[in-house]
Amino acid sequence: MAQHKAVKIGLVGLGKMGQNHLRVLSLLKSVELVFVYDLDPGAAKRLADTYAVKTSEKLEDLLPQVDAVVICTPTVTHGEYIRKVAPYVKNIFVEKPMADTIEEAQALSKFATEQGLRIQVGFIERFNPAVQQLKTVLDKSAQVISIDFTRTNKLSARITDVDVVTDLMIHDIDLALYLNGPVSSVSAHGVAQGQMIDFASALLTHKNGRFSRIQASRITEKKIRTIQATCVDMYVDCELVRKELLINRQSEIQQENGGPYTISAIEQTIEVRQQEALLTELQGFIALCNGDNVEVPTASAGLQAADICDQIQKAVRQ
1 MAQHKAVKIG LVGLGKMGQN HLRVLSLLKS VELVFVYDLD PGAAKRLADT YAVKTSEKLE
61 DLLPQVDAVV ICTPTVTHGE YIRKVAPYVK NIFVEKPMAD TIEEAQALSK FATEQGLRIQ
121 VGFIERFNPA VQQLKTVLDK SAQVISIDFT RTNKLSARIT DVDVVTDLMI HDIDLALYLN
181 GPVSSVSAHG VAQGQMIDFA SALLTHKNGR FSRIQASRIT EKKIRTIQAT CVDMYVDCEL
241 VRKELLINRQ SEIQQENGGP YTISAIEQTI EVRQQEALLT ELQGFIALCN GDNVEVPTAS
301 AGLQAADICD QIQKAVRQ
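Numbering-wise, the sequence shown is residues 1 to 318 according to the numbering used here.
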């Protein structure tokens with residue numbers, strides 16, 4: 001494998017997720033973290049001093065010094081910052097969702113193509129080691145019929161600009177596309193308070209005949225992150241928080257020496273490599289920056305997820 005120079009990266013946005021990125025980027029030997037930027041210059045200065053990097057109240061003063069930018073600002077500002085950094089860098093990581101509306105997602109996808117941008121969208125669950133192991137199992141070993149996704153959590157005080165569909169469900173919409181392929185139809189129902197949807201349930205029918213059933217809630221006290229795959233020859237239970245994978249295969253009917261029949265179920269626990277998903281995700285971004293052939297969620301994936309989000313939101317609000 002060719003050796004690459006360290007990729008010079010700037011980080012825009014220093015909220016909770018931005019600080020997670022900052023922590024992980026500082027650990028990567030393949031990265032030279034050059035600057036941090038935030039609308040709160042005091043916070044930016046404190047973190048810049050802690051990590052011994054640059055900062056400035058003017059983002060444009062910092063951009064000529066880097067090869068790539070990671071954007072972790074509020075969703076409604078993603079488009080603004082992508083357009084602002086595009087004249088300086090072509091490698092951009094933007095947290096999910098890529099945009100707060102389908103119209104903005106379409107515009108950004110077109111802009112990325114026109115400007116030759118390499119955009120990675122922060123669908124971190126693709127890099128959950130349990131999901132990666134699940135994809136391997138489903139690709140090699142099963143005829144998938146349907147996959148169920150459940151994602152619940154209490155409403156976070158820091159999430160005020162997007163509803164449950166764009167905040168939580170979008171993770172599983174991306175995973176449904178990743179695991180089951182393109183979608184032919186969408187149906188949904190849910191609970192909305194005004195324009196803010198707090199609970200949604202959707203059925204995606206895929207072009208290959210598979211189904212994805214997705215449920216997301218911000219009014220549930222218990223945190224749940226699960227995927228269950230129903231296949232012709234097995235049932236796969238994937239727990240995303242604990243990073244566990246359990247396979248139940250079809251039962252075998254056995255008879256010994258003319259005696260009574262016994263039913264033997266086959267249950268198998270698959271070992272999942274324990275690695276932080278954000279680390280793997282950012283390693284993928286570095287590979288993208290270096291021009292390596294790597295599978296990461298691009299602006300196209302961001303647009304596909306946004307389109308399905310839009311269909312679900314319209315169905316719930318009808």
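Note that CB positions come from ideal geometry on N, CA and C, so glycine has one too.
A quick note: this is a predicted structure, and the numbers were derived from the prediction, not measured.
Hey, how far is the Cα of residue i from the Cα of residue j?
{"i": "L39", "j": "S56", "result": "10 Å"}
{"i": "A299", "j": "L117", "result": "9 Å"}
{"i": "K16", "j": "S26", "result": "16 Å"}
{"i": "I219", "j": "P74", "result": "22 Å"}
{"i": "I266", "j": "R249", "result": "5 Å"}
{"i": "K54", "j": "V76", "result": "26 Å"}
{"i": "G18", "j": "V144", "result": "37 Å"}
{"i": "L282", "j": "R225", "result": "22 Å"}
{"i": "K5", "j": "A287", "result": "11 Å"}
{"i": "I312", "j": "S185", "result": "11 Å"}
{"i": "Q195", "j": "Q3", "result": "50 Å"}
{"i": "N180", "j": "K90", "result": "30 Å"}
{"i": "A146", "j": "K110", "result": "Reading off the sequence, residue 146 comes out as Ser, not Ala. Whole-angstrom Cα-Cα distance: 32 Å."}
{"i": "Y178", "j": "L33", "result": "31 Å"}
{"i": "M234", "j": "F149", "result": "17 Å"}
{"i": "E125", "j": "K45", "result": "31 Å"}
{"i": "Q193", "j": "C289", "result": "42 Å"}
{"i": "I82", "j": "I92", "result": "7 Å"}
{"i": "K135", "j": "K58", "result": "43 Å"}
{"i": "R210", "j": "D237", "result": "17 Å"}
{"i": "Q318", "j": "K243", "result": "37 Å"}
{"i": "Y51", "j": "Y37", "result": "13 Å"}
{"i": "G79", "j": "E104", "result": "7 Å"}
{"i": "V191", "j": "D292", "result": "43 Å"}
{"i": "Q275", "j": "K29", "result": "17 Å"}
{"i": "D172", "j": "V24", "result": "24 Å"}
Below 8 Å on the Cβ atoms is my guess for residue i versus residue j; work out the distance and round it to an integer in Å.
{"i": "V296", "j": "G284", "result": "5 Å"}
{"i": "T152", "j": "S201", "result": "About 11 Å; that fails the 8 Å criterion."}
{"i": "V85", "j": "L108", "result": "The pair is not a contact, with the Cβ atoms about 12 Å apart (cut-off 8 Å)."}
{"i": "V66", "j": "I9", "result": "6 Å"}
{"i": "V131", "j": "L279", "result": "Incorrect: roughly 15 Å between the Cβ atoms, too far for contact."}
{"i": "I270", "j": "V137", "result": "7 Å"}
{"i": "P97", "j": "I170", "result": "5 Å"}
{"i": "L14", "j": "A43", "result": "6 Å"}
{"i": "C309", "j": "T113", "result": "With a Cβ gap of about 21 Å, C309 and T113 do not count as contacting."}
Are residue i and residue j close, meaning C-beta to C-beta below 8 Å?
{"i": "I247", "j": "Q268", "result": "yes"}
{"i": "H189", "j": "A315", "result": "yes"}
{"i": "T205", "j": "V232", "result": "no"}
{"i": "D61", "j": "F123", "result": "no"}
{"i": "Q133", "j": "L245", "result": "yes"}
{"i": "V31", "j": "V7", "result": "yes"}
{"i": "A229", "j": "N128", "result": "no"}
{"i": "C72", "j": "V12", "result": "yes"}
{"i": "S141", "j": "A176", "result": "no"}
{"i": "Q106", "j": "L303", "result": "yes"}
Which of helix, strand or coil does DSSP assign to residue i?
{"i": "Y88", "result": "coil"}
{"i": "R213", "result": "strand"}
{"i": "C72", "result": "coil"}
{"i": "M98", "result": "coil"}
{"i": "R273", "result": "coil"}
{"i": "Q268", "result": "strand"}
{"i": "M1", "result": "Low local confidence applies: a pLDDT of 47 at M1 is under 50, so the model's placement there is unreliable, and no value is given."}
{"i": "S146", "result": "strand"}
{"i": "R23", "result": "helix"}
{"i": "Q318", "result": "coil"}
{"i": "T55", "result": "coil"}
{"i": "S109", "result": "helix"}
{"i": "K223", "result": "strand"}
{"i": "R151", "result": "strand"}
{"i": "F127", "result": "helix"}
{"i": "E295", "result": "coil"}
{"i": "S185", "result": "strand"}
{"i": "L246", "result": "strand"}
Measuring from the CB of residue i, is there a heavy atom of the ligand HEM at a distance below 7 Å?
{"i": "Q193", "result": "Because no ligand of any kind appears in the structure shown, any question about the ligand HEM cannot be addressed here."}
Against chain B, with Cβ distances strictly below 8 Å, would residue i count as a contact?
{"i": "V236", "result": "You won't find chain B in this structure, because it holds only one protein chain."}
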